[in-house]
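J.: First the structure, then my questions, so here it is.
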Amino acid sequence: MKAYDVAFSLGDGLRPGSLADANDAAQFGELEALGELTRIAWQHDVQVMIEGPGHVPMQMIKENMDKELEDCYDAPFYTLGPLITDTAPGYDHITSGIGAAQIGWYGCAMLCYVTPKEHLGLPNKQDVREGIITYRIAAHGADLAKGLPGAQIRDNAMSKARFEFRWEDQFNLGLDPERAREYHDETMPAESAKVAHFCSMCGPHFCAMKISQEVRDYAEVHGIGDLKSAVEVGLKEKAEEFKERGSEIYKKA
Amino acid sequence: MSAIPEAFVRKTARLSEEITRPFPGSKKIYVQGSRSDIQVPMREISQTDTGGIFGVEKNPPIPVYDTSGPYTDPDVDIDLLRGLPDVRDAWIAERNDTEELAGPTSDYGTQRATDPTLATLRFEHIRKPRRAKSGHNVSQMHYAKRGIVTPEMEYVAIRENQRLNELRQDPAYEKLLRQHPGQSFGANIPNEVTPEFVRSEIAAGRAIIPANINHPEVEPMIIGRNFLVKINGNLGNSAVTSSIEDEVEKMVWGIRWGSDTIMDLSTGKNIHETREWILRNSPVPIGTVPIYQALEKVDGKAEELTWEIVKDTLIEQAEQGVDYFTIHAGLLLRHVPMTADRLTGIVSRGGSIMAKWCLAHH
């Protein structure tokens, strides 16, 4: 391994295959053994990550992360999901994406994707795309929750584009621009709809973002300063008044 | 005359149309490091202006992490038959701690390389494998522990930052940089990822850069708790019918949508050749479960696996450039009875192979 720089991904051969078997003695016994192997690999300066579950209900996910960090000396954790319920064949990219988002937040370094065909058959191209986007969502959600600097830029840009009805930008900023455009165009295919200040969800008269924008425009046109500066001016006046009266907090009655 | 089948050549052309087109409104950018051969790819999404009653506001482009490799760069001429450009060649060579071998040193690798019946499947531009010189250790962890910041480490530092420092200097991003405080459960997340931070994390074992010296095409990436969370996508043909070009196409498709690494879980008789095609065309690290192939070599009889066969398989794959191996070595004989009362027993393929071997040999 050290002659080629191949990293070890220490496999969890005893990962639970069902919620019922989650966090049992076999799974955690193996995890402890992986910790021993990690130490040996590190003595040879061989890089290591640790593979993890599997099928785990939500309240038991964090224990997996905590135990991995402790037993395997902070080596990166690499988990398959975990799936948070066994009831949704055909949707296991979602059951596992939820668990993946959680364990990613708790500190898991890499999330192995699951496709909608999990437990059912070999994934085709669209299943692969679906699985990967699901996991990009989980990973990004974890980055946001952990507070990685700059993680929110793309979200903010998207929200601004959404508020301003910049449709093209919304599509392009998305994790799957092609799907976003396709869904929008299903109901409003005309090119002119790409500059419209509403979409087919609420129609032109009930769009909250549109109404909110109209409120802002009204305030600007009628010279009603924004709330924040009005508050600041008001506070400053009060502060001056306070100083003039001798800066006493309690006035004698 | 090329030994590569006509169908494959046609497929190559098709690949460039269907799954390599750049994302709309995006362009590939490269951020240079401390030396001109550190060119870190990112995708930049352009934005239109905000039109308002009081004039036009410019919206700045948004840089995003890009796993898709040269496939989405219209300036790069993609030729699957040749493989991707070598990103790391010079870095590996100048460390002067590896040597080029005369050919594969595994028995199986040699056998496949000289089998004339495989000529139509074989990647044509196989380079000679490299290995550490005797007494040397070429792992990123080894360099890190000795205080060396490698170009790979600098590369991932730039990649993780996504130009954040420049954005912080630019007033156009001020509002976009607003962010809620996170809850990191004790992770040590830096305000800026420096090459030195990358080195220290690798030295401590908290992060890895999977990058085999025989996979110079890889665009280095890092896996660790104090970095961006990564995802892996799997390739797998359990059916014998799945062809090499399908597998390569699946790999390119997977990284297009954002897979940071790919695990090649293929089984079947031509996995050695398939893996070569994938590696030579993959800008992301490739992982495998070598026991699957070792098992093929003993016709699926787990109890017949020997260390010699497993070791030969590890060397065979290491010399092709596999970046990480899943090894199920934590499964011990004493763990097996603990699974007897389980609802679903052992569900990992590698795990069940190991359990069977343990029971046969104890």
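Protein chains in written order, with the numbering used here: chain A, 14 to 266; chain B, 50 to 411.
Ideal Cβ positions, reconstructed from N, Cα and C, are used throughout, including at glycine.
1) Answer yes or no: do B/Glu322 and B/Pro153 have a C-beta to C-beta separation smaller than 8 Å?
2) Which residues in chain A have a C-beta closer than 9 Å to the C-beta of B/Lys76? List them in chain order.
3) Just list the residues that DSSP pairs B/Asn281 with in beta bridges.
4) Can you tell me whether A/Asp105 is buried or exposed? The criterion is at least 16 other CB atoms within 10 Å of its CB, across all chains shown.
5) Compare the Cα-Cα distances from A/Pro162 to each of B/Tyr222, B/Gly101, B/Asn240, B/Lys182 and report the closest residue.
6) What residues of chain A sit near B/Leu314, judged by a beta carbon separation below 8 Å?
7) If you run the structure through DSSP and keep just helix, strand and coil, what is B/Met50?
8) Are the CB atoms of B/Ile280 and A/Tyr91 nearer to each other than 8 Å?
9) Are at least three pairs of beta-carbons, each pair with one atom in the stretch 356–365 of chain B and one in the stretch 21–30 of chain A, less than 8 Å apart?
10) Would you call the stretch 173–180 of chain A and the stretch 142–161 of chain A touching, i.e. three or more CB-CB distances under 8 Å?
11) Among the candidates B/Leu170, B/Pro269, B/Gly196, whose CA atom is the shortest distance from the CA of B/Ile207?
12) Sort out for me which residues DSSP pairs B/Leu225 with in a bridge.
13) Can you find a CB in chain A that lies within less than 8 Å of the CB of B/Leu408?
14) What separation, rounded to the nearest whole angstrom, lies between the Cα atoms of B/Trp406 and A/Tyr126?
15) Counting only beta-carbon separations shorter than 8 Å, does A/Arg192 have a partner in chain B?
16) At the level of alpha carbons, what is the spacing between A/Lys15 and B/Thr147?
17) Just to confirm my understanding: we take B/Gln88, look at its own chain, exclude 5 residues before and 5 after, and list those with CB closer than 7 Å. What are they?
18) A/Arg142 to B/Ser292, Cα distance in whole Å?
19) DSSP three-state call for B/Ser75: helix, strand or coil?
20) Taking 8 Å as the threshold, find out whether the stretch 65–77 of chain A comes into contact with the stretch 199–206 of chain B through three or more Cβ pairs.
21) Might you give, ordered along the chain, the residues of its own chain that have their beta carbon closer than 7 Å to the beta carbon of B/Val385, omitting 5 neighbours on each side?
22) Please name the residues in the stretch 247–264 of chain B whose beta-carbon is closer than 8 Å to at least one beta-carbon of chain A, in chain order.
23) Mind reading off the beta-carbon distance from B/Asp372 to B/Asn283? Whole number of angstroms is fine, and I expect it under 8 Å.
24) Locate the beta strand (DSSP E) running through A/Pro102, then write down its first and last residues.
25) Could you check the C-alpha separation between A/Gln183 and B/Gly100 for me, to the nearest Å?
26) Could you check the C-alpha separation between A/Phe211 and A/Val228 for me, to the nearest Å?
27) A/Pro89 and B/Arg248 - do their beta-carbons sit closer together than 8 Å?
28) With a floor of 4 residues, list each alpha helix (DSSP H) that falls wholly inside the stretch 66–101 of chain A, ordered by position along the chain.
29) Can you give me the start and stop residues for the alpha helix (DSSP H) that B/Pro112 sits inside?
30) Give me the residue from B/Val187, B/Ile327, B/Lys194, B/Asp219 with the minimum Cα distance to A/Asp18.
31) Here's a check: name, in chain order, each residue in its chain whose Cβ is nearer than 8 Å to the Cβ of B/Gly132, leaving out the five neighbours to either side.
32) For chain A, check one thing: does any of its Cβ atoms lie closer than 8 Å to the Cβ of B/Phe234?
33) Could you tell me the alpha carbon to alpha carbon distance between A/Lys138 and B/Met91, rounded to whole angstroms?
34) If I measure Cβ to Cβ from B/Arg180 and keep anything under 7 Å in the same chain, skipping five residues before and after, which residues do I get?
35) Please confirm whether A/Tyr231 has its beta-carbon closer than 8 Å to some beta-carbon of chain B.
36) Mind checking which residues open and close the beta strand (DSSP E) that includes B/Glu201?
T.: Straight from the coordinates:
1) By the CB criterion at 8 Å, B/Glu322 and B/Pro153 fall outside the cutoff.
2) For B/Lys76, no chain A residue has a Cβ inside 9 Å of its Cβ, as the nearest lies near 11 Å away.
3) Looking at the DSSP assignment, B/Asn281 forms a beta bridge with A/Cys125, B/Thr310.
4) Classified as buried, A/Asp105 has 16 or more neighbouring CB atoms from the shown chains inside 10 Å of its CB.
5) The residue with the shortest Cα to Cα distance from A/Pro162 is B/Asn240.
6) Within chain A, no residue comes near B/Leu314; the closest Cβ sits about 11 Å away, beyond 8 Å.
7) Any answer about B/Met50 is weak, because its pLDDT of 37 lies below 50 and its placement is not dependable; what the coordinates show is given next. Coil.
8) In this structure, the beta-carbon distance from B/Ile280 to A/Tyr91 does not fall below 8 Å.
9) Cβ pair count under 8 Å is below three, so no.
10) Taking a cut-off of 8 Å on C-beta distances, the stretch 173–180 of chain A does not touch the stretch 142–161 of chain A, as fewer than three cross pairs fall below it.
11) The residue among B/Leu170, B/Pro269, B/Gly196 with its C-alpha nearest the C-alpha of B/Ile207 is B/Pro269.
12) DSSP output for B/Leu225 lists no bridge partner at all.
13) No, no contact with chain A.
14) Whole-angstrom Cα-Cα distance: 29 Å.
15) False, the Cβ-Cβ gap to chain B never drops below 8 Å.
16) When only Cα atoms are considered, A/Lys15 and B/Thr147 end up about 11 Å apart.
17) Around B/Gln88: Tyr79, Gln81.
18) Approximately 20 Å between the Cα atoms of the pair.
19) Secondary structure at B/Ser75: strand, using DSSP grouped into helix, strand and coil.
20) Between the stretch 65–77 of chain A and the stretch 199–206 of chain B there are fewer than three inter-stretch CB-CB distances shorter than 8 Å, so the stretches are not counted as touching.
21) Excluding residues within five positions, the ones whose Cβ falls inside 7 Å are Ala404, Cys407, Leu408.
22) So the list reads Ile251, Ala253, Gly254, Arg255, Ala256, Ile257, Ile258, Pro259, Ala260, Asn261, Ile262, Asn263, given in the order they occur along the chain.
23) With 8 Å as the limit, B/Asp372 and B/Asn283 do not qualify as a contact, their Cβ atoms being about 15 Å apart.
24) Run containing A/Pro102: none; DSSP gives neither H nor E here.
25) Straight-line Cα distance between these residues: approximately 15 Å.
26) Their backbone Cα atoms lie some 16 Å apart in a straight line.
27) No. Outside cutoff.
28) Taken in chain order, the complete alpha helix (DSSP H) segments of 4 residues or longer contained in the stretch 66–101 of chain A are 74–84.
29) First-last for B/Pro112: 111–113, but that is the beta strand (DSSP E), not the alpha helix (DSSP H).
30) Its Cα nearest to that of A/Asp18, the residue B/Val187 stands out among B/Val187, B/Ile327, B/Lys194, B/Asp219.
31) Taken in chain order, the residues that qualify are Phe172, His174, Glu266, Arg329, Asn330.
32) The beta-carbon of B/Phe234 is placed less than 8 Å from the nearest beta-carbon of chain A.
33) Rounded to the nearest angstrom, the gap between the Cα atoms of A/Lys138 and B/Met91 is 24 Å.
34) Its chain contains Thr147, Glu148, Leu150 as the residues whose beta carbon lies nearer than 7 Å to that of B/Arg180, once the 5 sequence neighbours on both sides are disregarded; these appear in chain order.
35) Answer no: the Cβ-Cβ gap between A/Tyr231 and chain B never drops below 8 Å.
36) Counting along the chain, B/Glu201 falls outside any beta strand (DSSP E), though it belongs to the alpha helix (DSSP H) covering 200–210.
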